[in-house]
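Colleague:
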Amino acid sequence: MVGPLQRRSKSIIDYSKYLPNDLWLEIFLLLPLDSIFTSKCVSKLWLSLLSKPSFITRRFNNFNTPELPWTLFLHLHRPVNRSISTVSLDIHSKFICGHDGFSFKFLPSKPSPYNKEDLIFLLASSNGLVLCSTRRYYQMRYYICNPLTKKWIVVPRRPPNAHHKWVINGFICESSSSLASTSYKVVRVPEFKDPLTNFEIEIYSSNVGEWNIYKVSCPHQVTMLYNFSNNVVSGPNGVLYWIEVGEIKIIAYNPNDNHNNNDENGEKCRLIDLPIREGVNYDREYIFGVSEGLISYSYTQSGELSIWVLEDDLITGGWIWHLVHEIELEDMLAENSEADWFINQLSMGLVTLKPLAFNPIDRNVVILGYEVSFIFAYNIETRRLKMLNISCNSHPSFDIYPTYGGELPFVPFVLTPKPTPIL
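Going letter by letter, the sequence shown gives residues 4 to 426 in the numbering used here.
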C-alpha cells in the first residue's frame, strides 16, 4: 500500500530536465550574487553549471562597477582550513566565502621549517591577478594566480646576479578590454641603507619572458630600508609609487620608460612630497594605495583622520595633494549598533582607529580597523562608520607572525576579483 507521503514524492517533477543548459545559464546571468549561491544548493546540475569558469567569466563581465565584489585579506596562513580571514561587504561575503579559489588551496606551497605547515603569502594584486610567494621575506620563487578562475603559473627564477636582500614587491597587470590578452610585470625594489642618487631594481616582464636589472636615477639622495608596512603601488599608466624610508617622500617610477638597462645613469624617477601637515610626526598610522584609479594617502594621529588624493598639477606639470576629508574620530556617526558601541569607546579614549585600506571601487569609502578584531567601512560623504564581519574559515592565526600591540605586522591585502587570463 502506498502512503500519501510516498504518492506526493512521486509527483515531484524536476523541471531542470526540460530546459537546455544554455538557457539555464542565461537565466542565472540575470540573478544577483546571493541568489546564485542559493541556487548552487538546489541540485548537482545547477552546482555544476554555476561553477563553470565560462559562467563565472560571463557573470563578472556583466558586473556594474558599484556591484563589483572586493575583499580585504587580513591574513592567509596555511593550512587554510583554520587560518584564512577576509573582510567584505555583506552583499559580497557569500560570494567570497562560497568560492574556494579565495582560499588559494589550488596553489603549491612548501612546509615551514618552524611548524611544518604549508605557507603561502599574498604580496600584491593588479587587475584581478595576485602575486604570491612561499616566503614572506627574501622571496626566491613567485607565483601569479587568479583565485577566481583558479589558474596559476610560476614566474621564472631570478638571474644569479640578482640582489639577495630584503625587498618590497610590486605587480602590474594590463589586460585588454575583451580580456583576450594579458601582460604583467613583477617588480622588486631591494633595500639600500646608504643615501644614493642611483640604485637598481629588478623587473620580470611577461612580454620579454625574463628578469632584468635596471638602473634608476633620482634627483636627490634617497634611502630604501625594508619596512613590512611599505608596499609598491601601481597607479595610472603603469607608474609605480612607493614611500621612501624617511616617510616624507614618495618615489614615482615608470618601468615602461626603461629601454636601456645598461645605461650608467639609468632612467629617472621623480620624488613627491607626502602631505605631512605641521604638527604631524612619524608616529602616524598611514596607508598608501589606489582607489578608483587615484593614488590615495590617509593617516590617523591624535584622534584625527585625514584622507588625501594625488592629482595632476596643470600649472607645473607635476602633482599636487588634495585634502578630500578630515574628521575627528569621535565625531563619526554609527551605521549599525556595533559601530555605535565602538564610537562610545572612542569618545572615552579606550580604543582608536587606524586606516587599513582604500575601497578599490569607491573612493568615498576607507577601511579602518582597531587591532585585528574590529574592522569598519567609513563613508566620507555620510561620515558613517559600519562594522564589517570577519568571515570565511576562521579568524587570523598569528603563531608565526606575532602582532605588535595587537596590530598586523604587514599590509592588509585588497583584491578585486576579475576573470583576467594569465596566459
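All C-beta atoms in this analysis are idealised placements derived from N, C-alpha and C, irrespective of residue type, glycine included.
What you are looking at is a predicted structure, and each value in this text was computed from that prediction instead of being measured.
Threshold first: 3 residues or longer. Then list the beta strand (DSSP E) segments lying entirely within the stretch 149–213, N to C.
Modeller: 154–157, 170–178, 185–193, 195–208
Colleague: Arginine 144 and phenylalanine 124 look like a contact to me (Cβ under 8 Å); what is the Cβ gap, rounded to whole Å?
Modeller: Not really, about 11 Å apart at Cβ, beyond 8 Å.
Colleague: Nearest CA to the CA of phenylalanine 202: which residue from Glu247, Val236, Ile275?
Modeller: Glu247
Colleague: Would you mind sorting threonine 68 into buried or exposed? The rule is 16 or more other CB atoms within 10 Å of its CB.
Modeller: At threonine 68, the pLDDT of 49 sits below 50, so the modelled position is not reliable; the number obtained from the coordinates is stated separately. Exposed is the call here.
Colleague: Would you list the residues sitting across from glycine 131 in a DSSP beta bridge?
Modeller: Per DSSP, none; premise fails for glycine 131.
Colleague: Which of helix, strand or coil does DSSP assign to phenylalanine 361?
Modeller: strand
Colleague: Leaving aside the five residues before and after isoleucine 279 along the sequence, list all residues of the same chain whose C-beta is less than 8 Å from its C-beta, in chain order.
Modeller: For isoleucine 279, where only same-chain residues beyond five positions count, the Cβ hits under 8 Å are Ile251.
Colleague: Tell me whether isoleucine 30 is buried or exposed, calling it buried when 16 or more other Cβ atoms sit within 10 Å of its Cβ.
Modeller: Classification of isoleucine 30: exposed, given that the 10 Å Cβ count is below 16.
Colleague: Would you call leucine 418 buried or exposed, if buried means 16 or more other Cβ atoms sit within 10 Å of its Cβ?
Modeller: Buried, since its Cβ has 16 or more Cβ neighbours within 10 Å.
Colleague: Closest Cβ-Cβ distance between proline 424 and chain D: below 9 Å?
Modeller: The structure shown contains no chain D, having only a single protein chain.
Colleague: In terms of residues, what are the limits of the beta strand (DSSP E) holding isoleucine 298?
Modeller: 297–304 is the extent of the beta strand (DSSP E) around isoleucine 298.
Colleague: Using only the alpha-carbon positions, how far apart do serine 54 and valine 157 sit?
Modeller: 25 Å
Colleague: Below 8 Å, can you find three or more Cβ-Cβ pairs linking the stretch 292–310 to the stretch 357–370?
Modeller: yes
Colleague: Helix, strand or coil for phenylalanine 379? Go by DSSP, reduced to three states.
Modeller: DSSP, read as helix, strand or coil, puts phenylalanine 379 in strand.
Colleague: Distance check for isoleucine 206 and asparagine 259, CA to CA, integer angstroms please.
Modeller: 11 Å
Colleague: State buried or exposed for isoleucine 318, treating a residue as buried only when at least 16 other CB atoms are found within 10 Å of its CB.
Modeller: That one is exposed.
Colleague: Is the stretch 333–341 in contact with the stretch 33–49, if contact means three or more CB pairs nearer than 8 Å?
Modeller: no
Colleague: Nearest CA to the CA of asparagine 149: which residue from Tyr141, Leu308, Gly104?
Modeller: Gly104
Colleague: Alpha carbon to alpha carbon, how far is isoleucine 175 from tyrosine 217?
Modeller: 16 Å
Colleague: For glycine 296, collect the residues of the same chain with a Cβ closer than 8 Å to its Cβ; drop the 5 residues on either side in sequence, then sort them by chain order.
Modeller: The residues Gly238, Pro239, in chain order, have a CB closer than 8 Å to that of glycine 296 in the same chain once the five nearest residues on each side in sequence are set aside.
Colleague: Could you tell me which of Leu50, Lys421, Phe345 sits nearest to isoleucine 364, measuring between CA atoms?
Modeller: Lys421
Colleague: Give the DSSP-derived three-state secondary structure of arginine 62 in the structure shown.
Modeller: helix
Colleague: Specify the secondary structure class of aspartate 402 as computed by DSSP and reduced to three states.
Modeller: In this prediction, aspartate 402 scores a pLDDT of 34, lower than 50, which makes its location untrustworthy; no coordinate-derived value is stated.
Colleague: Using 9 Å as the threshold, is the C-beta distance between arginine 273 and glycine 321 below it?
Modeller: yes
Colleague: List the DSSP bridge partners of phenylalanine 124.
Modeller: Ser136, per the DSSP bridge assignment.
Colleague: Rounded to a whole number of angstroms, what is the C-alpha to C-alpha distance between proline 82 and serine 376?
Modeller: Note that proline 82 scores 41 on pLDDT, short of 50, meaning its location in the model is unreliable and no value can be drawn from it.
Colleague: Measure the C-alpha to C-alpha separation of proline 163 and valine 170 and round it to an integer number of angstroms.
Modeller: 16 Å
Colleague: Using DSSP with H/G/I as helix, E/B as strand and the rest coil, what is valine 45?
Modeller: coil
Colleague: Using only alpha-carbon positions, find the residue among Ala342, Ile275, Asp343, Val190 that is nearest to glutamate 314.
Modeller: Ile275
Colleague: Do you know how far the Cα of leucine 426 is from the Cα of proline 111?
Modeller: 18 Å
Colleague: For isoleucine 330 and tryptophan 245, I'd like the C-alpha separation in whole angstroms.
Modeller: Each residue's Cα considered, the two are about 26 Å apart.
Colleague: Give every residue of the same chain whose Cβ lies closer than 8 Å to the Cβ of leucine 134, excluding the five residues on either side of it in the sequence, and list them in chain order.
Modeller: Leu125, Leu126, Ala127, Ser128, Tyr145, Tyr146, Ile147, Asn172, Phe174, Val189
Colleague: Count the other CB atoms, across all protein chains shown, that sit within 10 Å of the CB of leucine 349; report buried if there are 16 or more and exposed otherwise.
Modeller: buried
Colleague: Do isoleucine 370 and leucine 353 have their C-beta atoms closer together than 9 Å?
Modeller: no
Colleague: Look at the alpha carbon of leucine 228 and the alpha carbon of phenylalanine 195, and state the distance between them as a whole number of angstroms.
Modeller: Straight-line measurement puts the Cα of phenylalanine 195 at about 6 Å from the Cα of leucine 228.
Colleague: Using the Cα positions of asparagine 24 and lysine 47, report the straight-line distance between them to the nearest angstrom.
Modeller: Roughly 13 Å between the two C-alpha positions.
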